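In what follows, a single structure is set out as structure tokens and then discussed.
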Amino acid sequence: ARPLKRAVQRYLQDPLAEKLLGGEIPDGCTVKIDEGEGALTMMVS
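So for the sequence shown, the numbering used here puts the first residue at 14; every next one is plus one.
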């Protein structure tokens, strides 16, 4: 379980937090996360 927790933090939580703090995601938006070509992408709507 610990390796999974670290992976979630590294690939989901940390990048999402950086975008939120950097102002790239406005309040009230929806963020969708998708996997393609071996990488995660975040789509803001």
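Cβ coordinates follow ideal geometry from the N, Cα and C atoms, glycine included.
Keep in mind it's a predicted model, so treat the numbers as computed, not measured.
| Item | Value |
| --- | --- |
| Indicate the three-state DSSP secondary structure (helix, strand or coil) for Asp27 in the structure shown. | helix |
| Nearest by alpha-carbon distance to Ile46: which of Gln26, Asp40 and Leu17 is it? | Gln26 |
| Under a three-way DSSP split, which group does Ala52 fall into? | strand |
| If I measure Cβ to Cβ from Val57 and keep anything under 6 Å in the same chain, skipping five residues before and after, which residues do I get? | Ile38, Cys42 and Val44 |
| Please tell me whether Met55 and Leu17 are closer than 8 Å, where the distance is taken between their beta carbons. | no |
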